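Notes follow once the structure below has been shown.
Numbering (our numbering), first residue to last: 1201 to 1304.
See the structure below:
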């Protein structure tokens, strides 16, 4: 007989606790540039663009085997064509989980 009111009170308390911890004003941080780590040193970037709509992305080569992208919109796949210092060429698509923000 006392179980039902006890269960009802407990469930109301849990519901209130869940809603109390929600912060609706949170927004994802924005960064000025993003980076992609590479296997080998790069000689030249032939092309960097969004995989979905082929819009070009401004990018440069870093000295630590990274590509730094200036105008990348987070959450998008990137298509890249590269020439490595050993003369080999490669083209690939990187998903957003492999693209990191540059934190200074």
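Every residue gets a Cβ at the ideal spot worked out from N, C-alpha and C, and that includes glycine. The structure presented is a predicted model; accordingly, all values stated were derived computationally and were not measured.
Open item on the list: Going by beta-carbon coordinates alone, are residue 1270 and residue 1233 separated by less than 7 Å?
Closed with: In the chain shown, counting from the first residue as 1, residue 1270 sits at position 70. In the chain shown, counting from the first residue as 1, residue 1233 sits at position 33. Contact flag set, yes.
Task: Nearest-angstrom Cβ-Cβ length linking residue 1293 and residue 1272, presumed shorter than 8 Å - done: The count along the chain shown starts at 1 and reaches residue 1293 at position 93. The count along the chain shown starts at 1 and reaches residue 1272 at position 72. Not a contact, Cβ separation roughly 14 Å.
Task: Nonlocal neighbours in the same chain, by C-beta distance under 6 Å from residue 1285, ignoring five residues either side - done: Within the chain shown, numbered from 1, the residue matching residue 1285 stands at position 85. Cβ neighbours of residue 1285 beyond the five flanking positions: 1241 and 1243.
Task: For residue 1235 and residue 1300, the rounded distance between their alpha carbons - done: If you number the chain shown from 1, residue 1300 lands on position 100. If you number the chain shown from 1, residue 1235 lands on position 35. Roughly 5 Å between the two C-alpha positions.
Task: Buried or exposed by the 16-neighbour rule on C-beta atoms within 10 Å, applied to residue 1238 - done: Along the chain shown, one-based indexing puts residue 1238 at 38. Residue 1238 should be labelled buried.
- [ ] Can you give me the start and stop residues for the beta strand (DSSP E) that residue 1231 sits inside?
- [x] Here residue 1231 corresponds to residue number 31 of the chain shown, with the count starting at 1. No beta strand (DSSP E) holds residue 1231; DSSP gives it neither H nor E.
Task: Under the three-state DSSP convention, the category residue 1209 falls into - done: Here the question's residue 1209 lines up with position 9 in the chain shown. Helix.
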